[in-house]
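Below is one structure, written out as structure tokens; the observations come after it.
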Amino acid sequence: MESLFQAIDETPIIDHHAHNLLLPSELEVRPFLSITTEAGDGALQHTPSTLSHIRAVKQLAEILDCNCDWDSVQAAIEKRRLAPDDAWAKRCFEGIETILMDDGLDESTVHPWDWHHRLTRSNCKRIVRIEKVAETILKQHIRPQILNPLGVDNRTLFDDWETYFIAAIEDAIRDTNVVGFKSVICYRTGLALPGSSADLETLQQAFSQFLDSDSNRLDDAHLSPHFVHLTARLLAHSPKPFQFHTGLGDNDITLALSSPSHLQPFIKAYPTVPIVLLHASYPFTKEAGYLASAYENVYLDIGEVFPMVSQEGQETIIRESLELCPTEKLFWSTDGHWFPETYLLAVIQVREAMKDVLGHKLSRNRIKVAEAIRIVQDVFFNTSNKLYNLGLALTPIKTRPDTAVSTTKGTKITKLEILERFLSENPSIKFIRLQWLDYTATLRVRVIPVKVARELFGSQRSIGITKAALGLLQHDLMVPGFSPVGEYELIPCFDGLRRSDRPEYATVQGEFREQDGSEVGICPRTLLRHIVERAQENEITFRIGFEVEVVFMAVDTTGGAHTFSKSFSGSGHSWSNASALRGIKLMTVVEEVVALLENADINVVQFHPESAPGQFEFVTGHLEPLQAVDTLLATRNIIYATAEKHGMKATFVPKPFANACGTGAHVHMSIVPEDEYGSFYAGILKHIRAIAAFTYCNASSYDRMQDSVWSGGRYVAWGTQNRETPLRKISSSHWELKCMDGLANPYFAIAAILGAGLQGILDAEPLTSSDCLDDPAMMDIFDREEQGITQMMPEDLREAMQFLEQDFQLGSIMGHSFVRAYLRVKNAEMEMLEALSAEERRQFMVERY
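Just so you know, the sequence shown maps onto residues 552 to 1400 in the numbering used here.
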């Protein structure tokens, strides 16, 4: 029994039919009572006395840790909705792998379908509602022609309507984001469909009468079935299924005509079209089960009754469905819409019902454990995955290894064995530096004595950090839009634990969590981890390496203030010039840096002088993305500390000297499988101007962006071994991105780069520009256009931020809440820096970076 219950809890759910969540502005407009009922108008007031409502109040009160009454639940939910980064919606969607979204409702009041990617482990897909397609065509293309002064006869208009409709359905069939189609004819004329479309004369006569009305609602007794038949004929040679609303609905439905038994002639007429009966056809579940068992092309959904009927009613539906329907044809959906709480309750309740029904059968020896587990996996995942050709891997829902789990009991800190093993191997360690990198790329820290760290983390507690921490500028001024109210928990990610620059210290990066353990999507490290995990779910992995370029400068304390000069230029210092290694003082620092990096288990592949005065480059090995960024921060910290120990200043500012070469932070990337690299880098190039807001995130970044100086140039292009393009192809999937510098928060930058590339793979994005083997700045406009080089990188940070604000797809990948928060911080930072003189700005940046 325990293994069955574990399978029920850990099997992810593919919600194969649901609807969009309301926009925040609409949440108070729609009646929240509707989360457990299809009742409307005056009937809605009686909902609180239903068993389904009473059960929902109890379950929500337990989750929200509030009093068990409706008013308390509503108040607690309103408070949760105020949390940033859609944290409450993400909590409500836990356990859902993906959603197949029927987005045919009023799009002006709900989030777009792809906005919901952020709430699920795998990207959502679309279900096309055919009535919405026909009605949109009628409104946009057909009725306007009636006003044509030359006159258009109704026969032509009807032909146009059909032609537009066929083209739209065929486009949707080809669209990889569309996985199925849906009809709501049950709401319009009922499911008693004729065996085929009406004759042409009848259709045209019905069309003429329909045009005389002012309505665009497709509810004519002849026209509605015609478009359903038309869709079925188009789907006859497509693998994409056709869903039908059956059974219960709001009071707009004729219940007697919502039984799926009326569809029997239609089912027979289209034996190659997979037909899905939605909503368990409740209260006609037995009829639906019979059809699914008797016809090869019929599938049964047992959704929407969760959470709309009582627990006993839900269990009855599952039992009746299992009695009649093969599990390979049985699956589940919420039919959720409007409120995230509907999804939360539906997932909780279906798991409970499965435990009760299958547990009872198991205890009576009616089925074996393996059979019960297979039923769970089919209903929750396998049937949908196969029918809709999703190609997803069934990966159990597990606690992520180095992060918190969502629980009302608090935050769970894992991998403590790494900490204990590390401390036993390094007895000199007395302090743990628990760090985070904020939105201005300022590394912030809490130092914890080892004894306290062991006690704190071992008892599943951590450090509280004000929620304002992600909205502070370099001088601790809080950015408008952030609040000093509330705290995050800073959770150590022990996979990145390592020795620091001093023998008594170890460093570890942290991630932020809410007090209940739920994730904070605007947390820098969490953001990158989500991108990496989404790639892994699509069986794609990355390796990342950095070229760590740094300038060592002299510190001048004249007048009591620190200023920084280029007196460490060395004798004959230039790119890879051996004479630059003669300076004893500078080489003492460089060699000590290498020794400390090796002591911290950071692999130094090579180092060499770079072009600018006092500039060196350290190349570290390739790692998976999170480890690579953690390691980059540890590397920079060691470089900073070692330089300061020897009376110098190390800086990663891109242009510390106006008349010298700049300092970059070039990223080396490779992917597995390698054969996907074309679409991966096409995705990056498609969004690179918006990505620049993360990789070139300071006004001084654009001082370095110049043509013909090996910094990647100003044109959006790629080229094999071409150092004048932002993307340099080195070999196969190993490419270098050159348009990044040391002022970037690398968690954000790498998340944007990998997220855009991953989307390119998922969308099969083609490389529209060709391999550029020249300096684009030296080519004429015709040669550039011939190679597909038609765009330039942003001219400055403001333009980069505009590109980011306008790039809706990248915003969806990164999270729109995060993008809004990031832009607020960068705008405030720009305003603060612009108030300084050029020299004050240079000194300010060099001092901090």
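Yeah, the Cβ is synthetic: ideal placement off N, Cα and C, and Gly gets one too.
The structure displayed is predicted, hence computed values, not measured ones.
(message) Report the CB separation of His662 from Leu574 in whole angstroms; it is logged as a contact under 8 Å.
(response) Here residue 662 is taken as the residue at index 111 of the sequence shown, counted from 1. Here residue 574 is taken as the residue at index 23 of the sequence shown, counted from 1. Between the beta-carbon of His662 and that of Leu574 there is about 6 Å, and that keeps the pair under the 8 Å contact cut.
(request) Could you tell me whether the Cβ atoms of Glu561 and Ile818 are closer together than 7 Å? (result) For this step, residue 561 is matched to residue 10 along the sequence shown. For this step, residue 818 is matched to residue 267 along the sequence shown. Glu561 is not a Cβ neighbour of Ile818, given a cutoff of 7 Å.
(message) At the level of alpha carbons, what is the spacing between His568 and Asn933?
(response) What you label residue 568 is simply residue 17 of the sequence shown in a count that begins at 1. What you label residue 933 is simply residue 382 of the sequence shown in a count that begins at 1. If you take the alpha carbons of His568 and Asn933, they lie about 15 Å apart.
(request) Express the C-alpha separation of Asn1296 and Asp1181 in angstroms, rounding to a whole number. (result) If you number the sequence shown from 1, residue 1181 lands on position 630. If you number the sequence shown from 1, residue 1296 lands on position 745. Going by the C-alpha atoms only, they are around 11 Å apart.
(message) Beta-carbon within less than 6 Å of Val679's beta-carbon, same chain only, minus the 5 sequence neighbours each way: which residues are those?
(response) Here the question's residue 679 lines up with position 128 in the sequence shown. Here the set comprises Ala723, Val729, Phe732.
(request) Return the chain-ordered ranges of every beta strand (DSSP E) run that is complete within the segment 720-776 and spans a minimum of 3 residues. (result) For the segment 720-776, the full-length beta strand (DSSP E) segments reaching 3 residues or more read 729-734 along the chain.
(request) Run the CB neighbour count on His780, radius 10 Å, all protein chains shown included, and call it buried at 16 or more, exposed below. (result) Looking up residue 780 in the sequence shown gives position 229. His780 counts as buried, since at least 16 other C-beta atoms from the protein chains shown sit within 10 angstroms of its C-beta.
(request) Give me the Cα-Cα distance between Leu1384 and Pro1031, rounded to the nearest whole angstrom. (result) Walking along the sequence shown from the start, residue 1384 turns up at place 833. Walking along the sequence shown from the start, residue 1031 turns up at place 480. Across the structure, Leu1384 and Pro1031 are spaced so that their CA atoms are roughly 16 Å apart.
(request) Enumerate in chain order the residues of its own chain whose CB-to-CB distance from Asp801 is below 7 Å, with the five nearest sequence positions on each side excluded. (result) What you label residue 801 is simply residue 250 of the sequence shown in a count that begins at 1. Closer than 7 Å at Cβ, skipping near neighbours: Glu589, Gly591.
(message) Between the alpha carbons of Ser1034 and Val1145, how many angstroms are there, rounded?
(response) Here residue 1034 refers to the residue found at position 483 of the sequence shown. Here residue 1145 refers to the residue found at position 594 of the sequence shown. Going by C-alpha positions, Ser1034 is about 41 Å away from Val1145.
(message) Using the three-state DSSP reduction, which class does Phe883 fall into: helix, strand or coil?
(response) Translated into positions along the sequence shown, residue 883 becomes position 332. First, the amino acid is wrong: residue 883 is Trp here, not Phe. DSSP, reduced to helix, strand and coil, places Trp883 outside both helices and strands of the structure shown, so it counts as coil.
(request) Return the first residue and the last residue of the alpha helix (DSSP H) that Ala1244 is part of. (result) As a first step, residue 1244 must be located in the sequence shown, where it is residue number 693. It spans 1228-1246 - the alpha helix (DSSP H) in which Ala1244 sits, taken as one unbroken run.
(message) Please report the distance separating the alpha-carbon of Pro563 from that of Ile1242.
(response) Your numbering for residue 563 matches position 12 in the sequence shown. Your numbering for residue 1242 matches position 691 in the sequence shown. Cα to Cα, Pro563 sits roughly 32 Å from Ile1242.
(request) Give the single residue among Asp665, Thr1058, Ser759, Asp654 whose Cα lies nearest to the Cα of Ile697. (result) What you label residue 697 is simply residue 146 of the sequence shown in a count that begins at 1. The residue from Asp665, Thr1058, Ser759, Asp654 with its alpha-carbon nearest to that of Ile697 is Ser759.
(message) Which residue marks the beginning of the beta strand (DSSP E) containing Ala1300, and which one marks its end?
(response) By 1-based counting over the sequence shown, the position of residue 1300 is 749. DSSP places Ala1300 outside any beta strand (DSSP E); the residue lies instead in the alpha helix (DSSP H), whose first and last residues are 1297-1313.
(message) Considering only DSSP beta bridges, list what Glu1287 is partnered with.
(response) On the sequence shown, residue 1287 is found 736 positions in, with the first residue counted as 1. Beta-bridge pairing links Glu1287 to His1219, Arg1279.
(message) Here's the rule I'm using: 16 or more other beta-carbon atoms within 10 Å means buried, otherwise exposed. How should Lys1018 be labelled?
(response) Within the sequence shown, residue 1018 is the residue found at index 467, counting from 1. Buried, since its Cβ has 16 or more Cβ neighbours within 10 Å.
(request) Just the C-alpha distance for Gly961 and Gly1068, rounded to the nearest angstrom, thanks. (result) Indexing the sequence shown from 1 puts residue 961 at position 410. Indexing the sequence shown from 1 puts residue 1068 at position 517. In this predicted model, Gly961 has a pLDDT of only 39, less than 50, meaning its place in the structure is not dependable; the value taken from the coordinates is given anyway. If I take the Cα positions, the gap works out to 5 Å.
(message) By the three-class DSSP mapping on this structure, what secondary structure does Val930 have?
(response) Locating residue 930 in the sequence shown gives position 379, counting from the first residue. Residue state, collapsed to three classes: helix.
(message) Taking 7 Å as the threshold (C-beta atoms), are Ser1221 and His1285 in contact?
(response) Taking the first residue of the sequence shown as position 1, residue 1285 is located at position 734. Taking the first residue of the sequence shown as position 1, residue 1221 is located at position 670. For the 7 Å CB-CB criterion, His1285 and Ser1221 form a contact.
(message) Give me, in chain order, the residues of the same chain whose beta-carbon lies closer than 8 Å to that of Glu871; leave out the 5 immediate sequence neighbours on both sides.
(response) Within the sequence shown, numbered from 1, the residue matching residue 871 stands at position 320. Counting only Cβ-Cβ distances below 8 Å, and skipping sequence neighbours, we find Thr836, Lys837, Gly840.
(message) Quick check: the Cα distance between Ile983 and Leu1028, rounded to an integer number of angstroms?
(response) Here residue 983 is taken as the residue at index 432 of the sequence shown, counted from 1. Here residue 1028 is taken as the residue at index 477 of the sequence shown, counted from 1. So the alpha carbons of these two residues sit roughly 27 Å apart.
(message) Please report the distance separating the alpha-carbon of Gly1339 from that of Val1083.
(response) For the purposes of this step, residue 1339 is identified with residue 788 of the sequence shown, where counting begins at 1. For the purposes of this step, residue 1083 is identified with residue 532 of the sequence shown, where counting begins at 1. Spanning the two alpha carbons is a distance of roughly 30 Å.
(request) State the start and end residues of the unbroken beta strand (DSSP E) segment that holds Pro1043. (result) The residue you call residue 1043 lines up with position 492 of the sequence shown. Its beta strand (DSSP E) spans residues 1038-1043.
(request) Tell me whether the beta-carbon of Tyr821 lies closer than 7 Å to the beta-carbon of Ala845. (result) Indexing the sequence shown from 1 puts residue 821 at position 270. Indexing the sequence shown from 1 puts residue 845 at position 294. No, these two residues do not count as a Cβ contact at 7 Å.
(request) Please state if the CB of Ala831 and the CB of Leu769 are separated by a distance shorter than 7 Å. (result) Stepping through the sequence shown from its first residue, residue 769 is reached at position 218. Stepping through the sequence shown from its first residue, residue 831 is reached at position 280. Contact: no.
(request) Measure the alpha-carbon distance for Tyr1039 versus Asp1046 and round it to whole angstroms. (result) Reading the sequence shown from its first residue, position 488 is the one you call residue 1039. Reading the sequence shown from its first residue, position 495 is the one you call residue 1046. Their backbone Cα atoms lie some 21 Å apart in a straight line.
(request) Note down the Cα distance separating His862 from Gln900, rounded to an integer number of angstroms. (result) The residue given as residue 862 occupies position 311 in the sequence shown. The residue given as residue 900 occupies position 349 in the sequence shown. A small correction: the amino acid at residue 862 is Gln; His does not occupy that position in the sequence shown. Cα atoms of Gln862 and Gln900: separation of roughly 8 Å, rounded to the nearest angstrom.
(message) Taking the alpha-carbon of Glu1100 as reference, which of Pro1075, Val1141, Ser659 has the nearest alpha-carbon?
(response) Translated into the one-based positions of the sequence shown, residue 1100 becomes position 549. Checking every option, the nearest Cα to that of Glu1100 belongs to Val1141.
(request) Check each candidate in Ala1328, Thr598, Ala1268, Ile1332 and name the one with the smallest Cα separation from Ser1321. (result) Within the sequence shown, residue 1321 is the residue found at index 770, counting from 1. Among Ala1328, Thr598, Ala1268, Ile1332, the Cα nearest to that of Ser1321 is on Ala1268.
(request) For Asp711, name the three-state secondary structure that DSSP assigns. (result) By 1-based counting over the sequence shown, the position of residue 711 is 160. When DSSP states are grouped into helix, strand and coil, Asp711 belongs to the helix group.
(request) Could you give the DSSP three-state label for Met1365: helix, strand or coil? (result) Numbered from 1 along the sequence shown, position 814 holds the residue referred to as residue 1365. DSSP places Met1365 in helix when its eight states are reduced to three.
(message) Let's test the definition: count the other Cβ atoms within 10 Å of the Cβ of Thr823 and tell me whether it reaches 16, buried, or not, exposed.
(response) Counting from 1 along the sequence shown, the entry for residue 823 is found at position 272. Counting the other Cβ atoms within 10 Å of the Cβ of Thr823 gives fewer than 16, which makes it exposed.
(request) Between the Cα of Ser884 and those of Ser935, Thr867, Glu874, spot the shortest distance and give me the residue it belongs to. (result) Residue mapping note: residue 884 aligns to position 333 of the sequence shown, counting from 1. Its Cα nearest to that of Ser884, the residue Ser935 stands out among Ser935, Thr867, Glu874.
(message) Is the separation between the beta-carbon of Leu1348 and that of Ala1250 shorter than 7 Å?
(response) Mapped onto the sequence shown, residue 1348 falls at position 797. Mapped onto the sequence shown, residue 1250 falls at position 699. It is a contact, given that the beta carbons lie within the stated cut-off.
(request) Evaluate the contact criterion for the segment 935-946 versus the segment 645-654: three or more CB pairs, one atom per stretch, below 8 Å. (result) Yes: the two stretches touch, three or more of their Cβ pairs being nearer than 8 Å.
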